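Below: the structure, in structure tokens.
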Amino acid sequence: MSKLLIVNEAARELGVSEAWLRRAEGRVGIPKARRNINGWRVYTVEDIAALRTVLSPKVPEEGRPDMGGGQDDEGARP
């Protein structure tokens, strides 16, 4: 059986706050956490991997198209 992480351990692994993880539960792409016998949220290693996938940016910063409007654009309004 996989090691189970409680919410503070899972949040630390993901680099998010415990509050964020609790609020995000059940929202788009974030599955509801399982509960242990005491009613605490628990996450498996597989859950953490799935959450990392949801939280990772879809397009790397260097691969994002320039949308313009920056300070260095020629012809930009003052």
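Residues 0 to 77, numbered by numbering that gives the first Met the number 0, are exactly what the sequence shown covers, in order. In this text, a Cβ means the ideal position worked out from N, Cα and C, and glycines have one as well. If you're wondering where the values come from, they're calculated on a predicted model, not measured in any experiment.
- Counting every other CB atom within 10 Å of its CB across the protein chains shown gives Leu4 a total of 16 or more, marking it as buried.
- For Val41, there is no enclosing alpha helix (DSSP H); the residue is found in the beta strand (DSSP E) stretching over Arg40 to Tyr42.
- In this structure, DSSP gives Ile29 a state outside helix and strand, which the three-state scheme calls coil.
- Within a 10 Å sphere around the beta-carbon of Arg33 sit fewer than 16 other beta-carbons, which makes this residue exposed.
- Leu13 sits in a helix when the DSSP states are folded into three classes.
- Around the C-beta of Leu54, fewer than 16 other C-beta atoms lie within 10 Å, and the residue is accordingly described as exposed.
- With a cutoff of 7 Å on beta-carbon distance, Ala10 and Ser16 are scored as near each other.
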